[in-house]
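Structure record follows, encoded as C-alpha cells.
Protein chains in written order, with UniProt numbering: chain X, 1 to 418; chain L, 1 to 418.
Pasting the structure below:
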C-alpha cells in the first residue's frame, strides 16, 4: 500500500461544523456533558460515524464509539483513537473535538485507501471529559478503564442539580454496552497542546511521553495581627510575609531546577486584610506538577522542609491540607517512539514533552498501551474562544495519527512488530 | 516647694470609674464621639473638673477644657495637657482616658501641694480622636489647631448618617468657645504605648521625640493568566509571584536597615484566584512609616525603583495609587529632653522612641511646642478590652507628667528657663 494522507479539507470542515453546534444566543460554544447542546453535538458525530460506514456503539455512561471491525478480525482488540466532544463554557472549537474527528478521518482515509487492517480500528468520544457540569472530569474514560463504577458515575449530581444518568437517558445517550466492553490493543489521543511550548518553539508535533503528576496543597499560616505602625520589624509574626516567602521559594526552586517541575500559587488570601494591620493569617494553594514521581515527591518534601524552617524562623504556625495527588502517567515507550519516528518520516519537527493538563489518555493508559500526540495551539490559549490551531498543523497532526494507527493496526499479512 | 507626687489611688479610681461608663448590654465599652455614651463619659469628666475647682470651657466642636487660671496670670498662655475620652468599639479603658485623667490628677496635686504656677495649667479632652463614627480621626485637636474649619467639622456626616454638629447639640456639648481660643504655651500628652516596645524591653517611660510619617500605597500588578500545568516557569508572567517579591523586598529592606522604618503589606488579593491558574492580577497595599521624612521619602523611592526593575524582569505591568501621605511630626526637643531628665530624676528607666500611631499631640504640635510621654502596654495590645497597663506604670507616668508640667508652668518668681 502506498502511503495515504488524510483529506485535510474534510477534517477542517468537520471541525468547523461541529464548532457551530451548541452555541448559545450570544454565540458562545457551550456543550456541557449530557446537555441538549451535547446531544446536538453527539447527533452530529453519530451521523458522520454512520456515513463513514462504521459500527456505532454507545455504552452505559454515554461513551460513543465508531468501530471498523471486519469479520476476519474475530475478537481481536482494536486500535482505539479518540478524545471527547464536550466543552467548557465559552469554549474554543479544537479541544477534544480535534482528536475525535481526526480519528474518524484517519479511519475513513484508511478504508478509502484500501488499507486492510489486521485488527479493528475504532474511534471514541468519551463522556464528560471537562467535568464542568459533573465531577470528576475525565469521567467517561475513567469509567471505561474501570476506575469508577458506572452506577456511581450515573448517580453523580451536577452543579445544576441534575443526575448524569437521567440526563443521558433524556438525551438518548444512555447506551446498552457495558463500559470497558472495548478493551483496546493500544490507544492514541491526538490533541491540541493546552500550553504554549510548541507554538513558541515553532515545532509541529509534540510527542507526549508523560502526563505530569499533580500535587495540590492548601497551606495556612498563622501569625499575629498587630499595628503596622507601632510594631517593630523584629517583633513581627507576619503571616502574609511568611506566605510571600513560600511563593518566592517555590518559584526560585522550580525556575532554577534543570527539570520540568512547575509550581504555582494560584489562590491567596490575608486576614484581617486591613492596610494597617500585620496579617494574622494567610491561606494559599500550592500546585506542584512534574512528569516524574520521584521528583514530584522530592519537591513536596523540599516544600515541607522549607515550611518547617520558616515556621521556626518567623515564629508562625503552618498547617498543610492535601487537596489532591495524582501520580504521573508514563506513556507506552514503544508508541511514543513510533510517534516520533512517524513525525520524522513525515518531515515534521517534533519534540518529546510532558502534558501538564489532564486527558482521557491518562485513564485509558491504565488498561492499554497509550500515548498522545500534540499539535501547537497559538499562544497556548485554552478553554477560550480565541483557542486556535493553524490548519496546516491540524492536518499534519492527523497525518501523524494516520501513520501511527496504520502501523499499530498492521496490515493483514504483516507481522505486528510493534 | 518639696517635690509632690500624684495621688495614685485617686487616679486609678478615676480611670476605672470612667472605664465603666458607656458599656453596652454585652459589657463592651463603646463611647463613640457625640453618642449618648460619650455624653455620659463627658458628664463624668465635667463633674470631676468641677470638683477639682477648675474652670470649665467647651468649644464649638465639643472639646472640653478644665482650666486652672489665677487672676495674676492675665492672658498668659497655659501649659496644656490632655488627650481624648472617646473610644473605639469594644475598647480598653486606658487609651486616651489615661492622658486626660492623669492631667486632671496632676493639676489637682499641684493645687493641693501649694504650687503657685507662673502661668495657667489646663487639661483638654479632644472630640472624636478615634474617628470611628466621624472622619477624620483626631478631629477635635485638628480643629483646635486650625487645620480644619469648625463649620466643616460640624457638618461631618457619620457612618450612622448623623451630623456631628447636631449630635453635639443633642448631647449638650456644642460649646460656645471658638476652637483654638486656648493657644497653649506648651502641650504634653501622656498615653499608653500602642505597641509592644516598652513592655518587651521592661522600660517604664517612653520619651516620644517623633511621630512617624505615613505613606500608604495600593499596588496593582498585571501579568497573564495561564494554566498552572502547561506553562513552563520561564514563560510565566505571574502577577502573584511578582507581588510576593515586593513583600519580601520590603521586609528584607526594613529589617536589615539600621532604622526604625516599618513596612507592612496588610491587604492582598489575587485574580482569578484559582488553584490551577497563574494569577493574572495581584492587588496589595503597602504601609510605610518612618519618623524621618528624608528616610520615608527614600524608602518610597527605593520601592518605586524596585517596582520598575521587577516589571522589566517579570514582564508584568505595575501601577501605583497613592492612598495617604503624612509627613512625620518632630516634637519639641526641649520638652523631649525635659521628659527624659524628669524620668531620670524619678529613677525611672526611659527610652526615646517614635510613635507609630496617630495622637492629638501631632495636631497641637502645629501651634505649640509639644511632646508625648508613653507608658508600657502589656503585649502592646490596643483597641481591645485586653488592653492593660500595670498600675505602677500608670502612676509612674503621671508623676513624670506632674514634674514636666510643674517645670513648664514654672513657679511664680522662678525664671521660665524651659
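Heads up, the beta-carbon is just placed ideally off N, CA and C, and yes, glycines get one too.
For residue 212 of chain L, the first and last residue of its enclosing alpha helix (DSSP H): As a working mapping, residue 212 of chain L is identified with position 212 in the second chain. Element bounds for residue 212 of chain L: n/a, residue is neither H nor E.
Pair within 8 Å by beta-carbon distance, residue 84 of chain L and residue 247 of chain X: The residue given as residue 84 of chain L occupies position 84 in the second chain. The residue given as residue 247 of chain X occupies position 247 in the first chain. Their beta carbons are not under 8 Å apart, which means residue 84 of chain L does not touch residue 247 of chain X by this criterion.
Would you report the Cα separation of residue 66 of chain L and residue 126 of chain L, rounded to the nearest angstrom? Within the second chain, numbered from 1, the residue matching residue 66 of chain L stands at position 66. Within the second chain, numbered from 1, the residue matching residue 126 of chain L stands at position 126. Using only the alpha carbons, I get a separation of about 12 Å.
Residue 374 of chain X - DSSP class collapsed to helix/strand/coil: In the first chain, counting from the first residue as 1, residue 374 of chain X sits at position 374. Strand, per DSSP.
8 Å contact criterion, which residue 370 of chain L and residue 187 of chain L should meet: CB distance rounded: Position 370 of the second chain holds residue 370 of chain L. Position 187 of the second chain holds residue 187 of chain L. Contact flag correct, Cβ pair sits at about 4 Å.
Please classify residue 159 of chain L as buried or exposed, where buried requires at least 16 neighbouring CB atoms within 10 angstroms. Here residue 159 of chain L refers to the residue found at position 159 of the second chain. The residue is exposed, with fewer than 16 neighbouring Cβ atoms inside 10 Å.
Between residue 232 of chain X and chain L, is any beta-carbon pair separated by less than 8 Å? Looking up residue 232 of chain X in the first chain gives position 232. Output row for residue 232 of chain X: interface = yes.
Through-space distance from residue 181 of chain L to residue 1 of chain L, alpha-carbon basis: Mapped onto the second chain, residue 1 of chain L falls at position 1. Mapped onto the second chain, residue 181 of chain L falls at position 181. Confidence in residue 1 of chain L is poor, its pLDDT being 48 and thus under 50, which makes the residue's placement unreliable; the coordinate value appears in the next sentence. A direct Cα-Cα distance of roughly 32 Å separates residue 1 of chain L from residue 181 of chain L.
So, does the CB of residue 101 of chain X fall closer than 8 Å to a CB anywhere in chain L? Here residue 101 of chain X refers to the residue found at position 101 when the first chain is read from its first residue. Not closer than 8 Å to any Cβ of chain L, the Cβ of residue 101 of chain X fails to qualify, so no.
Near residue 26 of chain L, which residues of its chain fall below 7 Å by C-beta distance, leaving aside the five closest residues on each side in sequence? Start at 1 with the first residue of the second chain, and residue 26 of chain L comes out as number 26. For residue 26 of chain L, same chain residues with a beta-carbon under 7 Å away, outside a window of 5 residues either side, do not exist.
As a quick exercise: from L:164, L:123 and L:49, pick the residue whose alpha carbon is nearest that of residue 60 of chain L. The residue given as residue 60 of chain L occupies position 60 in the second chain. With distances taken between Cα atoms, residue 60 of chain L lies closest to L:164.
For a test of the three-state rule: what should DSSP assign to residue 189 of chain L, helix, strand or coil? One-based indexing of the second chain puts residue 189 of chain L at position 189. Three-state DSSP puts residue 189 of chain L in a strand.
Name the two residues that bound the continuous alpha helix (DSSP H) containing residue 171 of chain X. In the first chain, residue 171 of chain X corresponds to position 171, counting from 1. Neither: residue 171 of chain X is in no alpha helix (DSSP H) and is coded neither H nor E.
List, from N- to C-terminal side, the beta strand (DSSP E) runs of 3 residues or more that fit wholly inside the segment 323 to 403 of chain L. 350 to 355 and 370 to 375
Figure out for me which residue from X:217, X:249, X:291 and X:311 has the closest Cα to the Cα of residue 238 of chain X. Indexing the first chain from 1 puts residue 238 of chain X at position 238. Here the closest residue by C-alpha is X:311.
Residues in its own chain within less than 6 Å of residue 330 of chain L by CB, not counting five upstream and five downstream? Mapped onto the second chain, residue 330 of chain L falls at position 330. Once the five neighbours on either side are set aside, the close Cβ partners of residue 330 of chain L are 210.
What residues from the segment 166 to 197 of chain L come within 8 Å of chain X, judged by C-beta to C-beta, listed N to C? 193, 194, 195, 196 and 197
For residue 238 of chain X, which beta-bridge partners are listed by DSSP? As a first step, residue 238 of chain X must be located in the first chain, where it is residue number 238. In the DSSP output, where bridge partners are listed per residue, residue 238 of chain X has none listed.
Taking the Cβ atom as the reference point for each residue, do residue 192 of chain L and residue 94 of chain L lie within a distance shorter than 8 Å? Indexing the second chain from 1 puts residue 192 of chain L at position 192. Indexing the second chain from 1 puts residue 94 of chain L at position 94. Going by C-beta atoms, residue 192 of chain L is nearer than 8 Å to residue 94 of chain L.
Taking Cβ positions only, does residue 389 of chain L come closer than 8 Å to chain X? Here residue 389 of chain L corresponds to residue number 389 of the second chain, with the count starting at 1. No - not a single Cβ of chain X is within 8 Å of the one on residue 389 of chain L.
Just grab the DSSP bridge partners of residue 121 of chain L for me. To locate residue 121 of chain L, count along the second chain from 1; it is residue 121. Its beta-bridge partners are L:68 and L:79.
Just checking, does the segment 16 to 34 of chain L make contact with the segment 113 to 128 of chain L on the three C-beta pairs under 8 Å criterion? A contact exists between the segment 16 to 34 of chain L and the segment 113 to 128 of chain L.
Which residues, in order along the segment 372 to 386 of chain X, keep a beta-carbon less than 7 Å from a beta-carbon of chain L? 380 and 382
Mind reading off the beta-carbon distance from residue 317 of chain X to residue 222 of chain X? Whole number of angstroms is fine, and I expect it under 8 Å. Taking the first chain and counting its residues from 1, the one referred to as residue 317 of chain X is at position 317. Taking the first chain and counting its residues from 1, the one referred to as residue 222 of chain X is at position 222. That belief holds up - the Cβ atoms of residue 317 of chain X and residue 222 of chain X are roughly 4 Å apart, short of 8 Å.
So for residue 254 of chain L, helix, strand or coil by DSSP? For the purposes of this step, residue 254 of chain L is taken as the residue at position 254 of the second chain. Here residue 254 of chain L sits in helix by DSSP.
Please check if any C-beta of chain L sits within less than 8 Å of the C-beta of residue 291 of chain X. Position 291 of the first chain, counted from the start, is the residue given in the question as residue 291 of chain X. No, residue 291 of chain X lies away from the interface with chain L (no Cβ there is under 8 Å from its Cβ).
From which residue to which residue does the beta strand (DSSP E) around residue 271 of chain X run? For the purposes of this step, residue 271 of chain X is identified with residue 271 of the first chain, where counting begins at 1. First-last of the beta strand (DSSP E) with residue 271 of chain X: 268 to 271.
Strictly below 8 Å CB to CB, what residues from chain X border residue 262 of chain L? Working through the second chain from its first residue, we reach residue 262 of chain L at position 262. The answer, in chain order, is 228, 229, 231, 232 and 233.
Please name the residue in L:272, L:189, L:259 and L:184 whose C-alpha comes closest to that of residue 224 of chain L. Along the second chain, read from residue 1 onward, the residue named residue 224 of chain L stands at position 224. Closest option to residue 224 of chain L, judged by alpha-carbon separation, among L:272, L:189, L:259 and L:184: L:272.
Please confirm whether residue 255 of chain L has its beta-carbon closer than 8 Å to some beta-carbon of chain X. Within the second chain, numbered from 1, the residue matching residue 255 of chain L stands at position 255. With 8 Å as the cut-off, residue 255 of chain L counts as an interface residue toward chain X.
Give the secondary structure of residue 319 of chain X by DSSP, where H, G and I count as helix, E and B as strand, and everything else as coil. Translated into positions along the first chain, residue 319 of chain X becomes position 319. Strand at residue 319 of chain X.
Since residue 376 of chain X and residue 399 of chain X are thought to touch, with beta carbons under 8 Å apart, how far apart are those beta carbons, to the nearest angstrom? Counting from one through the first chain, the residue named residue 376 of chain X turns up at place 376. Counting from one through the first chain, the residue named residue 399 of chain X turns up at place 399. That belief does not hold up - the Cβ atoms of residue 376 of chain X and residue 399 of chain X are roughly 15 Å apart, past 8 Å.
Could you tell me whether the Cβ atoms of residue 324 of chain X and residue 216 of chain X are closer together than 8 Å? The residue labelled residue 324 of chain X in the question sits at position 324 within the first chain. The residue labelled residue 216 of chain X in the question sits at position 216 within the first chain. Yes, Cβ-Cβ distance for residue 324 of chain X and residue 216 of chain X is below 8 Å.
In whole angstroms, what separates the C-alpha of residue 401 of chain L from that of residue 103 of chain L? Locating residue 401 of chain L in the second chain gives position 401, where the first residue counts as 1. Locating residue 103 of chain L in the second chain gives position 103, where the first residue counts as 1. If you take the alpha carbons of residue 401 of chain L and residue 103 of chain L, they lie about 8 Å apart.
How should residue 258 of chain X be labelled, buried or exposed, when 16 other C-beta atoms within 10 angstroms of its C-beta is the threshold for buried? Within the first chain, residue 258 of chain X is the residue found at index 258, counting from 1. Counting Cβ neighbours within 10 Å, residue 258 of chain X comes out exposed, since fewer than 16 surround it.
Among L:230, L:373, L:195 and L:150, which has the Cα closest to the Cα of residue 200 of chain X? Here residue 200 of chain X refers to the residue found at position 200 of the first chain. It is L:230 whose Cα lies nearest to the Cα of residue 200 of chain X.
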